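Undergrad: Residue numbers (our numbering), protein chains in the order written: chain A, 11 to 446; chain B, 12 to 150.
First, the structure itself, so that you have it in front of you.
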């Protein structure tokens, strides 16, 4: 099923909608959002300069750092009384990236998620188990609301607690699972280990995955553990843009359809900022159309991909983005949570008993991401006994947990045992290959 | 009371040797050594003949080193002697954090080293019971 007629319009009509909304968005953001108005003035761009979609490139970029510089709500275009929801995701430092929604924004967002759910095969017949963590992240409540719009019965399970996940999958006749692809693989293998064959013993047949990329080898593994009947698609979004609902794979599995009547995608060279021709790989830049609380123009997503404009066999005519092929920055995705090494650094630098050097190792063990942070012990007072060393470990782990929203492993090593770098340090080692 | 060195070592082949080889190069004599099985790192405890110099030397080579006071007790090499000392401590309500013995002491009687949170009381009950405490000079 295709949720909205806007997904199947001829290109000329999509572009007509985009141009009209773009003009409104640019005038709106200029009028309401002082930090962006200043950027436009510095660049000498006026709202009237935007007369075609090609004029988009005249506008200045918005960066994640703009959220930090204007924390918490300096980029908002409406008053608090007009907001009905806040969400927040990782920031590059201690402060999160806060986003807000008006009632119309929520409606737009959840309709876009409903489109994505339909792309992946969801219908009102489905019983959907949401295994994303609830809370300030947009993933769980986004899919939750979108699937309710489709008419599915939603189980707000949240993440973790594999035993309970399995009980609900069995007892509630769950047909659709929302999770990160790595957690879905972990869960599938747990089912198999308990002698449950999802293709025979469960009603599950749809997986809607997000929070992290799903590679083709992961999709193959997914079919091995969940069965050949399992249709698994991935979708794309980020809280700054609205959350999930920006783009999603249809069951043809040939890229993620972008909801182009709400989001204009561009691909740029991340070094120079120059717009690249269609089909080339570069950093995805998104302009949000029609958002009230948090209009965003030319937002640098940091994600590397490629766009395809040919209509799809599914009947949709919207542009598709390829599987993400990496990041233009050093952001890590750990169990679906975005982590910036600067966040970790900020925590470690405040702890006097350890030195300034650290290493971050990311591995996938038993399908789940494990992040190990190695630090050098420098304070000899801790050698009075193991209790003090254990207390230090606990203190660091708990500070990291509250900063990142993630549990990490910690390794204490002797001073001078970590590698020293001249110039740019390479502190992160990511051993995950193809997401497996 | 004597001085003990505590050195942070990782659980890796050669990590204890790196400490002893530094001490050897510095011509420092090791009297006692102890370390226990722990998952990722260990605190290596040493009694040496020149503790201050050993600490400076190891620290300058990048080790994390702590100097601490510990109680050392001379025991006659006879059945029941260790038990007797422990009984004194137990009756005095002294909790032992860890305990180890000297490796070499020439012709002299064996020495036990132990760590507790309550040195004053430990010394008092041991002296009252006639147990011989050892100072640096007696080592």
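The beta-carbon is built from N, C-alpha and C at its ideal position, and this holds for glycine as well.
Being a predicted model, the structure only gives us computed values, none of them experimental.
For residue 245 of chain A, which residues does DSSP report across the bridge?
TA: Translated into positions along the first chain, residue 245 of chain A becomes position 235. According to DSSP, residue 245 of chain A bridges with A:258.
Undergrad: Got a sec: which bits of the region 420–431 of chain A sit with their beta carbon under 9 Å from any beta carbon on chain B, in order along the chain?
TA: So the close ones are 421, 422, 423, 424, 425, 426, 427.
Undergrad: Using the C-alpha atoms, what's the distance from residue 241 of chain A back to residue 428 of chain A?
TA: Against the first chain, residue 428 of chain A aligns to sequence position 418. Against the first chain, residue 241 of chain A aligns to sequence position 231. Approximately 45 Å, taken between the alpha carbons.
Undergrad: Please state whether the Cβ-Cβ distance between residue 96 of chain A and residue 84 of chain A is less than 7 Å.
TA: Along the first chain, one-based indexing puts residue 96 of chain A at 86. Along the first chain, one-based indexing puts residue 84 of chain A at 74. No; because the gap between Cβ atoms is not below 7 Å, this pair is not in contact.
Undergrad: Looking at residue 26 of chain B: is its Cβ nearer than 7 Å to the Cβ of residue 56 of chain B?
TA: For the purposes of this step, residue 26 of chain B is taken as the residue at position 15 of the second chain. For the purposes of this step, residue 56 of chain B is taken as the residue at position 45 of the second chain. No, Cβ-Cβ distance for residue 26 of chain B and residue 56 of chain B is not below 7 Å.
Undergrad: What residues of chain A sit near residue 44 of chain B, judged by a beta carbon separation below 9 Å?
TA: Position 33 of the second chain holds residue 44 of chain B. Chain A residues near residue 44 of chain B: none, gap ~15 Å exceeds 9 Å.
Undergrad: I'd like the ranges of any beta strand (DSSP E) spanning at least 3 consecutive residues and lying wholly in the region 152–202 of chain A.
TA: Here the runs fully enclosed are 163–165, 186–189.
Undergrad: Checking contacts by CB at 7 Å: is residue 390 of chain A closer than that to chain B?
TA: Residue numbering aside, residue 390 of chain A sits at position 380 when the first chain is read from its first letter. Yes, residue 390 of chain A counts as interfacial toward chain B.
Undergrad: Could you work out which residues of chain A lie near residue 54 of chain B, taking near to mean beta carbons separated by less than 8 Å?
TA: If you number the second chain from 1, residue 54 of chain B lands on position 43. Neighbours of residue 54 of chain B on chain A, chain order: 393, 395, 396, 399.
Undergrad: If we cut at 7 Å on Cβ distances, does residue 387 of chain A have a partner in chain B?
TA: Here the question's residue 387 of chain A lines up with position 377 in the first chain. True, the Cβ-Cβ gap to chain B drops below 7 Å.
Undergrad: Sort out for me which residues DSSP pairs residue 298 of chain A with in a bridge.
TA: Within the first chain, the letter at position 288 stands for residue 298 of chain A. According to DSSP, residue 298 of chain A bridges with A:273.
Undergrad: Among A:280, A:441, A:413, which one has its Cα closest to the Cα of residue 375 of chain A?
TA: Here residue 375 of chain A refers to the residue found at position 365 of the first chain. Nearest of A:280, A:441, A:413 to residue 375 of chain A, Cα basis: A:441.
Undergrad: Evaluate residue 289 of chain A with the Cβ neighbour count: other Cβ atoms within 10 Å of its Cβ, from every protein chain shown; 16 or more gives buried, anything less gives exposed.
TA: Position 279 of the first chain, counted from the start, is the residue given in the question as residue 289 of chain A. Flag for residue 289 of chain A reads exposed.
Undergrad: Over what stretch of residues does the alpha helix (DSSP H) that includes residue 233 of chain A continue unbroken?
TA: Along the first chain, one-based indexing puts residue 233 of chain A at 223. Counting along the chain, the alpha helix (DSSP H) containing residue 233 of chain A begins and ends at 226–236.
Undergrad: Measure from the C-beta of residue 113 of chain B to each C-beta in chain A and report whether the shortest distance is under 7 Å.
TA: Locating residue 113 of chain B in the second chain gives position 102, where the first residue counts as 1. No - not a single Cβ of chain A is within 7 Å of the one on residue 113 of chain B.
Undergrad: If you compare alpha carbons, which of A:326, A:285, A:271, A:306 is closest to residue 31 of chain A?
TA: In the first chain, counting from the first residue as 1, residue 31 of chain A sits at position 21. Among A:326, A:285, A:271, A:306, the Cα nearest to that of residue 31 of chain A is on A:271.
Undergrad: Going by other Cβ atoms of all chains shown within 10 Å of its Cβ, with 16 needed for buried, is residue 186 of chain A buried or exposed?
TA: What you label residue 186 of chain A is simply residue 176 of the first chain in a count that begins at 1. Buried: at least 16 other Cβ atoms inside 10 Å.
Undergrad: Could you say if the region 303–320 of chain A and the region 368–383 of chain A meet the contact criterion of at least three C-beta pairs nearer than 8 Å?
TA: Because the criterion of three Cβ pairs below 8 Å is not met, the region 303–320 of chain A and the region 368–383 of chain A do not touch.
Undergrad: Under 8 Å Cβ to Cβ from residue 20 of chain A, same chain only, skipping five residues before and after it: list those, please.
TA: By 1-based counting over the first chain, the position of residue 20 of chain A is 10. 327, listed in sequence order.
Undergrad: Name the DSSP bridge partner or partners of residue 126 of chain B?
TA: Position 115 of the second chain, counted from the first residue, corresponds to residue 126 of chain B. Looking at the DSSP assignment, residue 126 of chain B forms a beta bridge with B:109.
Undergrad: Take the Cβ of residue 127 of chain A as the centre, count every other Cβ of all protein chains shown within 10 Å, and call the residue buried at 16 or more, exposed below.
TA: In the first chain, residue 127 of chain A corresponds to position 117, counting from 1. So residue 127 of chain A counts as buried.
Undergrad: For a test of the three-state rule: what should DSSP assign to residue 52 of chain B, helix, strand or coil?
TA: Position 41 of the second chain holds residue 52 of chain B. Reduced to three states, the DSSP call for residue 52 of chain B is strand.
Undergrad: With DSSP as the reference, identify every bridge partner of residue 31 of chain B, one or two as the case may be.
TA: The count along the second chain starts at 1 and reaches residue 31 of chain B at position 20. Bridge partners of residue 31 of chain B: none, in fact.
Undergrad: Entirely within the region 52–99 of chain B and at least 4 residues each: give me those alpha helix (DSSP H) ranges in chain order.
TA: Fully enclosed alpha helix (DSSP H) runs of 4 or longer: 62–71.
Undergrad: Tell me which residue opens and which closes the beta strand (DSSP E) that residue 6 of chain A is part of.
TA: In the structure displayed, chain A extends from 11 to 446; residue 6 of chain A sits before or after that span and is not available.
Undergrad: State the Cα-Cα distance for the pair residue 35 of chain A and residue 308 of chain A, rounded to the nearest angstrom.
TA: The sequence position of residue 35 of chain A within the first chain is 25, counting from 1. The sequence position of residue 308 of chain A within the first chain is 298, counting from 1. Going by the C-alpha atoms only, they are around 11 Å apart.
Undergrad: Only counting the same chain, and skipping five residues up and downstream in sequence, which positions put a Cβ closer than 8 Å to that of residue 314 of chain A?
TA: For the purposes of this step, residue 314 of chain A is identified with residue 304 of the first chain, where counting begins at 1. If we look at residue 314 of chain A and ignore the five residues flanking it on each side, its Cβ neighbours are 280, 291, 292, 293, 294, 334, 335, 336, 337, 338.
Undergrad: Quick one: list the residues of chain A neighbouring residue 49 of chain B, beta-carbon separation under 8 Å, in chain order.
TA: Reading the second chain from its first residue, position 38 is the one you call residue 49 of chain B. By Cβ distance, chain A contributes 396.
Undergrad: If we call anything under 7 Å between Cβ atoms a contact, is residue 390 of chain A one with residue 75 of chain B?
TA: To locate residue 390 of chain A, count along the first chain from 1; it is residue 380. To locate residue 75 of chain B, count along the second chain from 1; it is residue 64. Yes.
Undergrad: Scan the region 325–370 of chain A and note each continuous alpha helix (DSSP H) run of 4 residues or more that stays entirely inside, going in chain order.
TA: Whole alpha helix (DSSP H) segments, 4+ residues: 351–359.
Undergrad: Is DSSP giving residue 408 of chain A helix, strand or coil here?
TA: Taking the first chain and counting its residues from 1, the one referred to as residue 408 of chain A is at position 398. Helix at residue 408 of chain A.
Undergrad: Just list the residues that DSSP pairs residue 37 of chain A with in beta bridges.
TA: Position 27 of the first chain holds residue 37 of chain A. Residue 37 of chain A is not bridged to any residue.
Undergrad: For the candidate residues B:72, B:64, B:132, B:22, whose alpha-carbon lies nearest to that of residue 14 of chain B?
TA: By 1-based counting over the second chain, the position of residue 14 of chain B is 3. Nearest option by C-alpha distance: B:64.
Undergrad: Rounded to a whole number of angstroms, what is the C-alpha to C-alpha distance between residue 252 of chain A and residue 158 of chain A?
TA: Taking the first residue of the first chain as position 1, residue 252 of chain A is located at position 242. Taking the first residue of the first chain as position 1, residue 158 of chain A is located at position 148. Between residue 252 of chain A and residue 158 of chain A, the C-alpha separation is close to 17 Å.
Undergrad: Distance check for residue 72 of chain A and residue 283 of chain A, CA to CA, integer angstroms please.
TA: Locating residue 283 of chain A in the first chain gives position 273, counting from the first residue. Locating residue 72 of chain A in the first chain gives position 62, counting from the first residue. The alpha-carbon atoms of residue 283 of chain A and residue 72 of chain A are separated by roughly 12 Å.
Undergrad: Between residue 73 of chain B and chain A, is any beta-carbon pair separated by less than 7 Å?
TA: Counted from its first residue, the second chain places residue 73 of chain B at position 62. So yes, residue 73 of chain B belongs to the interface.
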